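Numbering (full-length UniProt numbering), first residue to last: 1 to 109.
In what follows, a single structure is set out as structure tokens and then discussed.
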Amino acid sequence: MVPVPADPARRRRRGVDHARLIAQAVASGLGLPERALLERDRDPLAQHQRDRAQRAALALPRVSGRVPSLVLLVDDVHTTGATLRAAATALRAAGAERVVAVTALRTLR
């Protein structure tokens, strides 16, 4: 179980990384390991502030550590799917054979 990391500035402002808390709780309940394998650089724009081209050009997060063949990718909110796609692409490039994404909430357009 791998959480999508929160933007560092937002994590400091909120005092918590919601995706990580969700991943830890679900992993604990299922008896699975939770591993923070993804790292992201600080980005001044939130997903909802980007236009379509900016979302498509989202930089891939860095992967640190050994990646299992099956990854359950956890994020708190699904807005456009760009973050989940970028994270899944990075995890596959690092060795994951299958990435399944789940989110707690979805924003409606």
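All C-beta atoms in this analysis are idealised placements derived from N, C-alpha and C, irrespective of residue type, glycine included.
All figures in this text were calculated on a predicted structure; none of them were measured in a lab.
Residue i vs residue j beta-carbon contact at 8 Å
i     : j     : result
Val71 : Ala90 : no
Gln24 : Glu39 : no
Ala36 : Pro61 : no
Ile22 : Ala82 : no
Cα-Cα separation, residue i to residue j
i     : j      : result
Ala93 : Leu108 : 30 Å
Val26 : Ala9   : 25 Å
Arg66 : Ala96  : 9 Å
Leu30 : Met1   : 10 Å
Arg13 : His78  : 20 Å
Pro3  : Arg50  : 22 Å
His18 : Asp75  : 8 Å
Contact set for residue i: own chain, Cβ-Cβ below 6 Å, skip 5 residues either direction
i      : result
Ser69  : Glu97
Val100 : Leu72
Arg106 : His78
Ala6   : Asp17
Own chain, CB closer than 8 Å to residue i, minus 5 neighbours either side, in chain order
i     : result
Leu84 : Val4, Leu73, Asp75, His78, Ala101 and Thr103
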